[in-house]
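For the sequence shown, my numbering begins at 160 and goes up steadily by one. C-beta: ideal position from N, C-alpha, C; glycine also.
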Amino acid sequence: MDDAYVQAPEHRPVAPAAEATGVPVIDLSPLAATPPPGAVDALAAEVGAACRDWGFLVAVGHGVPEATAARAVEAGRAFFALPAERKAAVRRTERAPLGYYDAEHTKNVRDWKEVFDIFPRELPPPAASADGELVFVNKWPGDGDLPGFRVALEEYAAAMEELAFKLLELIARSLNLRPDRLHGFFREQTTYMRVNRYPPCPRPDLVLGLGRHRDSGALTILRQDDDVGGLDVRRPSTGEWVRVRPVPGSLVVNVGDIIQVWSNDRYESVEHRASVNSEQERFSIPYFFNPARRTAVEPLEEMVSEERPSRYNAYDWGEFFCTRRRSNFSKLDVDNIQIAHLRKDSVAMPARTD
Ligand SMILES: O=C(O)CCC(=O)C(=O)O
Ligand SMILES: [Fe+2]
Numbered sequence: 160m161d162d163a164y165v166q167a168p169e170h171r172p173v174a175p176a177a178e179a180t181g182v183p184v185i186d187l188s189p190l191a192a193t194p195p196p197g198a199v200d201a202l203a204a205e206v207g208a209a210c211r212d213w214g215f216l217v218a219v220g221h222g223v224p225e226a227t228a229a230r231a232v233e234a235g236r237a238f239f240a241l242p243a244e245r246k247a248a249v250r251r252t253e254r255a256p257l258g259y260y261d262a263e264h265t266k267n268v269r270d271w272k273e274v275f276d277i278f279p280r281e282l283p284p285p286a287a288s289a290d291g292e293l294v295f296v297n298k299w300p301g302d303g304d305l306p307g308f309r310v311a312l313e314e315y316a317a318a319m320e321e322l323a324f325k326l327l328e329l330i331a332r333s334l335n336l337r338p339d340r341l342h343g344f345f346r347e348q349t350t351y352m353r354v355n356r357y358p359p360c361p362r363p364d365l366v367l368g369l370g371r372h373r374d375s376g377a378l379t380i381l382r383q384d385d386d387v388g389g390l391d392v393r394r395p396s397t398g399e400w401v402r403v404r405p406v407p408g409s410l411v412v413n414v415g416d417i418i419q420v421w422s423n424d425r426y427e428s429v430e431h432r433a434s435v436n437s438e439q440e441r442f443s444i445p446y447f448f449n450p451a452r453r454t455a456v457e458p459l460e461e462m463v464s465e466e467r468p469s470r471y472n473a474y475d476w477g478e479f480f481c482t483r484r485r486s487n488f489s490k491l492d493v494d495n496i497q498i499a500h501l502r503k504d505s506v507a508m509p510a511r512t513d
């Protein structure tokens with residue numbers, strides 16, 4: 160096993176994680192029809208409790224047509240099955256971070272996976288770009304290579320966006336905010352969508368498909384593999400790793416760092432990782448719902464009071480996002496930036512090592 164992949168002993172997935180029965184499964188179907196009075200508030204309360212206690216929930220009855228999701232999964236499978244040189248033709252580069260990549264690092268350890276990234280709402284390429292500025296332009300494989308690939312992913316991304324706004328509204332309600340309080344941040348988005356393939360691995364005891372991390376954006380909606388589990392969440396109340404059991408057709412939703420900051424720590428962006436296994440490949444499609452580049456992320460004024468002063472210094476989302484994207488391109492000697500560094504009470508603390 161190449162050393163680059165090997166996790167430090169304390170981060171190896173030694174004992175198989177217990178299956179979490181605890182991550183709340185929430186049925187969103189009341190949102191589909193005209194909900195009876197009180198039903199949306201009840202749902203918001205359920206979502207709020209999950210965000211507070213787990214940072215995660217498993218959504219069923221979410222309204223995303225199964226055929227749309229199945230087409231996206233099939234498109235992903237077909238893409239990864241292409242010969243290596245076809246995938247290399249749409250490979251990510253240091254400056255242009257979308258497209259195909261098989262050498263991503265999380266916390267400076269290489270992940271056992273290959274990915275394909277798109278921005279469903281592409282940012283216009285800069286007319287003139289400064290040195291080192293990242294260019295977020297999609298790299299689609301030629302249609303002859305993969306008919307229907309782009310359409311399948313775009314259709315799925317559109318369904319994700321619709322759901323993301325519904326979840327955003329439930330989260331706002333759960334924090335006693337106006338239902339559309341958070342919408343404005345997403346008028347221009349840096350949302351991206353990724354297709355992951357985790358190949359079978361001869362040493363699943365030493366490596367991770369995706370190392371432990373917190374999602375840095377606002378909200379993540381993950382279609383995990385219906386058949387092959389691997390998503391582990393570090394349960395906030397105990398610190399133990401638990402496996403999120405695949406529920407066919409479900410979507411796993413988690414709050415990212417931005418919602419933790421907006422809510423002034425009422426909700427938590429929880430650590431998670433993807434384990435691999437020696438027999439079966441695993442596919443997943445995360446959708447990272449992220450605000451506009453120029454968003455100054457800080458606790459919302461409604462979340463701050465004399466009893467609960469603001470716990471974070473404001474930070475520029477665009478800058479944070481680009482720094483992260485650069486740091487997972489290759490192995491670095493320094494740790495990447497975490498929101499923990501922006502906590503007011505940690506200003507004087509030495510940099511954390513994770
Ligand atoms: O593939 C998975 O199960 C997890 C993916 C994930 O956490 C991520 O891409 O941020
Ligand atoms: Fe994640």
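- In the assembly as shown, M319 is a buried residue. Its beta-carbon has 16 or more other beta-carbons within 10 Å.
- Distance from the CA atom of V184 to the CA atom of L365, rounded to whole angstroms, is 31 Å.
- Between T454 and F324, the CB-CB gap reaches or exceeds 8 Å.
- Here the alpha carbons of D385 and V406 stand approximately 7 Å from one another.
- Between G388 and R371, the C-beta spacing is not below 8 Å.
- At a threshold of 7 Å, H221 does not count as near ligand 2, since its beta carbon sits no closer than that to any of the ligand's heavy atoms.
- D374 has its CB nearer than 7 Å to a heavy atom of ligand 1.
- Judged by beta-carbon spacing, I380 lies within the 8 Å limit of L322, meaning their Cβ atoms are closer than that value.
- Listed in chain order, the non-local C-beta contacts of L369 below 7 Å within the same chain comprise T265, D270, K272, R432, A433, local neighbours out to five positions each way being set aside.
- V392: member of the beta strand (DSSP E) spanning 390-393, first to last residue.
- A Cβ-Cβ distance of about 11 Å is found for the pair T349 and P279, leaving them out of contact under the 8 Å criterion.
- Distances from the alpha-carbon of A226 to those of P338, L312, S333, V182 put L312 closest.
- Your pair E347 and A229 does not check out as a contact, with CB atoms roughly 30 Å apart and the cut at 8 Å.
- One alpha carbon belongs to R483, the other to S375, and they sit about 9 Å apart.
- Contact between R382 and I444 is confirmed by a C-beta separation of about 4 Å, below the 8 Å threshold.
- Spatial neighbours of D504 in its own chain (CB-CB distance under 8 Å, excluding positions within 5 residues in sequence) are listed in chain order as R470.
- A buried status is given to R441, since no fewer than 16 other beta-carbon atoms sit within 10 Å of its beta-carbon.
- The shortest C-alpha to C-alpha distance from P306 to any of L241, H500, L410 is the one to L241.
- Shown here for K246: same chain residues with a beta carbon closer than 6 Å to its own, the five before and five after excluded, namely Y259 in chain order.
- Around A316, the same chain offers P279, M352 as residues with beta carbons nearer than 6 Å, after the five sequence neighbours per side are excluded.
- The segment 295-357 contains, as complete alpha helix (DSSP H) runs of 4+ residues, the segments 308-333 (chain order).
- With 16 or more neighbouring CB atoms inside 10 Å of its own CB, H221 falls in the buried class.
- In this structure, DSSP gives P242 a state outside helix and strand, which the three-state scheme calls coil.
- The closest CA to that of F239, considering only E205, V217, R356, is found on R356.
- Note that the segment 182-198 does not touch the segment 161-171; fewer than 3 beta-carbon pairs, one per stretch, sit closer than 8 Å.
- Relative to ligand 2, the beta carbon of P445 is positioned inside 7 Å of a heavy atom.
- Excluding its 5 nearest sequence neighbours in each direction, E314 has C-beta neighbours in its own chain below 6 Å: T227, listed in chain order.
- Cα atoms of R362 and V392: separation of roughly 21 Å, rounded to the nearest angstrom.
- Apart from the 5 residues on each side of it in sequence, P338 sits with its Cβ closer than 7 Å to the Cβ of E328, A331, R332 in its chain, given in chain order.
- Of all alpha-carbon atoms in R236, E438, T193, I417, the one lying nearest the alpha-carbon of F448 is that of I417.
- Residue environment: N335 is assigned as exposed (fewer than 16 neighbouring CB atoms within 10 Å of its CB, all protein chains considered).
- Nearest Cα to L216 within the set R402, E466, I496: R402.
- The straight-line gap separating the alpha-carbon atoms of E205 and R394 is approximately 18 Å.
- Annotated as proximal: G214 and V414, with beta-carbon spacing under 8 Å.
- T379 has its Cβ nearer than 7 Å to a heavy atom of ligand 2.
- Ligand 2 has a heavy atom closer than 7 Å to the beta-carbon of H431.
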